[in-house]
């Protein structure tokens, strides 16, 4: 169950990280927006006040003058906690009224557009507005400029409040979003948990496929598990059938041997005893062969599941294995041959289990010797096409009729005196190599067995 | 040990020494309170404060509102300025000082008990409730029908020149900060104010620096009517002298609050804060109500004023930037010029 | 010939012992690996037949210690493991041959003969098989006492075949051993030489069998 946890946590953490990134970027955006909005709102107060003041500017006989309307400062006073500074001056810098020491931006030229700037003044950050008006009189024409500054307390508070409200909303959305994510993860994992539950509560003998209507994403997993269950069941079934077969075959065989020996011991004359003993010996030989083949078959099937195949040069393996097998058949009058149709000096690699190939060849040759008659003619041909490598074994024996080709590949399907395992072993080897097995009639009228292997690529495994 | 000093306008300063906490062994901290408040009005409060905080010696200096403003303003950057607490009834001047960045910001303990209009920026705290009152000599005006509004008052003065000629007293607003403050608030509140001023001028109104001077003269009958006298002083004076009547016009009554702040230059900010905290505390407000002439701002404290202000629209002047309007030099000059030309129109006296 | 049989299954040991005895060999039987190892240290045998799974000490270990001492006595492994892996048992590992149980006694006897011949052929100057005698020193071969005319290269070839009975030899193997580097033999020449030698050995037990596409294998026909 730890795996479930970690998957869930991993999803949640990555989603939370995503949310956090979004949250931070939105927060930055909101902060800049809130500052702009605060400035915008309070700048209007300053503008309004400046406008009201400039409206009262007039030219008197003694020069320009201005009367600050009560409402102008009241208006700015709407920002309750902020301090206010102002100065009204002419283009040549003469202060008409207000604080003389207010900071000005460099190279300020009076004009009738409002100009805002932020600076530090009197120990606090202050936002200033400068706005001018051209006064035309009979004998006088000059700019009069109003400068109003306001500390940033209300603006900051406004921006902060906006920020806090927006963030609260965002956090709420995030929490709800993560809640949805959590819900979604659980929903998404539910089928997996369902599978896990089904498998956990299963009896060891229950090989039924997992019953679930899977979402598409989990379907392939379910299919794989079901496939595995099926293969496992098949393997177990095979093993059971095999054990039953083996038990049957060996018991029968040993029973016959025992019967013959018993009969031999009961014969009164020597000639009959010898005949029985001869038969018993033959039966013993068959039993040995049967046992060997049964074990060989089991071994091939076992190796197919457990032994990884190795990338080897095909012809080398065939030569070594064939040369080795031939030694056991020297006493027969047999013509063995290998015909290598591969290009010389171009190595052809195949993923091979050498033990398997040895067993397959040995059984094919054994069959040829067993069912054929002298002089035997057993030929091996190795050739290759675009992507496949062919191993052909031909003999001059009696061959097998085409309609029986399928059945002889099954266990204990012999038509003669044999165990019927030889070709089943070859089939198992072919299967374990993902090779195609094809039985036909050879040119000499015997059996022609062709195994088609996939050529392993340059990099091999 | 406390000292009270009063620096009058051109008067010889005098010292009032109070032997309160003698024999106290601890190191005494001196707390300089500069205030435009009659010493007699605050004395009981200061005694009470010193009783609560024996380690603090209050050194009290009394100023006229304008003087106080100028002294503080001119010492804006002077670290040697002694003031630890600045108190004045002229809200506009106080706002101007605070707006200049002079005040120390702190959270007063009892700020919640103070109405919003009477505090600003956590720097300036109002502690008293001060309506502008009309005072009169009861004997002189016996039988005269009381004016309802400012306009009625204007008509009354105009219609009875023989009764009021030379016998109306009000602030010389060029000299008195609080006088200027009341006058400008009148102008804002009532566009008929110039008529009233003119009728005062025609009646040869006399101008004074301080409420006390007006009250003294109304008491003696030298003046019949005193206009825009600070209400608390008026009520206190009326209690002392039954010949003085206190009256609030029914159309509106300008009400201000005496405010206090701690200058940034203060060397005893902690003690100053304790002083203001005590001033705003229930206990301090009760002392104001019971023992001093001042009227506490805390609405929950019963005051002598309560019966006077029933059913009268009270115009509470709000602390804030708006008060700077009439502190603009150009505007102030033009206002004073207008006012003077009205009040002196028929030879009113300074 | 003196043969040591190391086998812990008594019945099997007895039958093998009987069979080899009828072939005229002297058989010593040992069922414990440790004891067998001690025995091999002190006595010389002409052939060792041994099982792999033994009490005391495994067949592999016995074989390893024999070869480590430089004991070149031929070893024939009897194994019940059908998964013969050359790298484990392998002829490289020091064993000369192996045979898988259950054992066909006739096959076993034949293998034993081959190994013994190989050894005597290499060890002594005279190699005998049935009516065939080859004197290595004199470089003469006789069948039924009649001399077989052999050229120098044919003698070399015969020596190679006798030394590699029942082993597949490619034409290249033969050419490398018979010709020197500068002679650059053609494969045809090798074929012709083998054909000639085969003809000359007709009537004898030595059979040179051709496996087309692979090479030659020499074996001795059963008497």
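Residue numbers (the numbering used here), protein chains in the order written: chain Z, 54 to 514; chain X, 221 to 570; chain H, 1358 to 1580. The C-beta atom is built at its ideal place from N, Cα and C for all residues, glycine as well. The structure presented is a predicted model; accordingly, all values stated were derived computationally and were not measured.
> Is residue 382 of chain Z helix, strand or coil by DSSP?
Replying inline: helix
> I think residue 1507 of chain H touches residue 1576 of chain H, with their Cβ atoms under 8 Å apart; what is that distance to the nearest whole Å?
Replying inline: Residue 1507 of chain H to residue 1576 of chain H, Cβ: 19 Å. No contact.
> What residues from the stretch 132-160 of chain Z come within 9 Å of chain X, judged by C-beta to C-beta, listed N to C?
Replying inline: 132, 133, 134, 135, 136, 137, 138, 139, 141, 149, 150, 151 and 152
> Opposite residue 178 of chain Z in the DSSP bridges: which residues?
Replying inline: Z/173
> Are any of the Cβ atoms in chain H nearer than 9 Å to that of residue 436 of chain Z?
Replying inline: no
> Among Z/502, Z/136 and Z/506, which one has its Cα closest to the Cα of residue 515 of chain Z?
Replying inline: In the structure as shown, chain Z begins at 54 and stops at 514. Residue 515 of chain Z is therefore absent and cannot be evaluated.
> Thinking C-alpha only, which one of X/271, X/518, X/423 and X/261 is nearest residue 457 of chain X?
Replying inline: X/261
>> Give me, in chain order, the residues of the same chain whose beta-carbon lies closer than 7 Å to that of residue 79 of chain Z; leave out the 5 immediate sequence neighbours on both sides.
In response: 223
> Nearest-angstrom Cα distance between residue 522 of chain Z and residue 340 of chain X?
Replying inline: Only positions 54 to 514 of chain Z appear in this structure, which leaves residue 522 of chain Z out of reach.
> Quick check: the stretch 305-321 of chain X against the stretch 385-399 of chain X, are there 3 or more CB pairs under 8 Å?
Replying inline: yes
> So which residues of chain Z does residue 319 of chain X contact, with C-beta pairs closer than 8 Å?
Replying inline: 136, 137 and 138
>> Relative to the C-alpha of residue 1436 of chain H, which candidate in H/1429, H/1423, H/1451 and H/1411 has its C-alpha closest?
In response: H/1411
>> On the CB-based measure, 16 or more other CB atoms within 10 Å of its CB, does residue 460 of chain Z come out buried or exposed?
In response: exposed
>> Is there a Cβ of chain X sitting closer than 9 Å to that of residue 68 of chain Z, yes or no?
In response: no
> For the stretch 1481-1494 of chain H against the stretch 1369-1386 of chain H, are there 3 or more C-beta pairs whose distance is under 8 Å?
Replying inline: no
>> Using a Cβ-Cβ cutoff of less than 6 Å, which residues in the same chain neighbour residue 504 of chain X once the five nearest sequence positions on both sides are dropped?
In response: 498
> Within 10 angstroms of its Cβ, does residue 364 of chain X collect 16 or more other Cβ (buried), or is it exposed?
Replying inline: exposed
> Out of Z/431, Z/482, Z/155 and Z/390, which has the shortest C-alpha to C-alpha gap to residue 182 of chain Z?
Replying inline: Z/155
> According to the Cβ coordinates, are residue 103 of chain Z and residue 199 of chain Z closer than 9 Å?
Replying inline: yes
> Which of helix, strand or coil does DSSP assign to residue 220 of chain Z?
Replying inline: helix
>> Counting only C-beta atoms, is residue 130 of chain Z closer than 9 Å to chain X at any point?
In response: yes
> When the Cα of residue 153 of chain Z is compared with those of Z/448, Z/235 and Z/201, which residue comes out closest?
Replying inline: Z/201
> Roughly how many angstroms lie between the CA atoms of residue 1571 of chain H and residue 312 of chain Z, to the nearest whole one?
Replying inline: 45 Å
> With a CB to CB cut of under 6 Å and the five nearest residues on each side skipped, what residues in its chain are close to residue 1358 of chain H?
Replying inline: 1382, 1403 and 1473
> Name the DSSP bridge partner or partners of residue 346 of chain X?
Replying inline: X/479
> Using the rule of at least 16 other Cβ atoms within 10 Å of the residue's Cβ for burial, across every protein chain shown, is residue 413 of chain X buried or exposed?
Replying inline: buried
> Residues of chain Z with CB under 7 Å from residue 341 of chain X, in chain order?
Replying inline: 134
> List, in order along the chain, the chain H residues whose C-beta lies closer than 9 Å to that of residue 344 of chain Z?
Replying inline: 1459
> Hey, is residue 365 of chain Z close to the ligand ATP, as in C-beta under 8 Å from one of its heavy atoms?
Replying inline: Absent from the structure shown: the ligand ATP. Ligands present: none.
> By how many angstroms is the C-alpha of residue 126 of chain Z removed from the C-alpha of residue 319 of chain X?
Replying inline: 13 Å
> So what's residue 458 of chain X in DSSP terms, helix, strand or just coil?
Replying inline: helix
> Should residue 1434 of chain H and residue 1413 of chain H be called a contact, given that it needs their Cβ atoms to be closer than 9 Å?
Replying inline: no
> Whose CA, out of X/321, X/345 and X/325, lies closest to the CA of residue 332 of chain X?
Replying inline: X/345
>> Give me, in chain order, the residues of the same chain whose beta-carbon lies closer than 8 Å to that of residue 440 of chain Z; leave out the 5 immediate sequence neighbours on both sides.
In response: 507 and 508
> Contact between the stretch 315-328 of chain Z and the stretch 268-285 of chain Z: three or more CB pairs below 8 Å?
Replying inline: no
> Is it true that the CB of residue 502 of chain Z sits closer than 9 Å to the CB of residue 446 of chain Z?
Replying inline: yes
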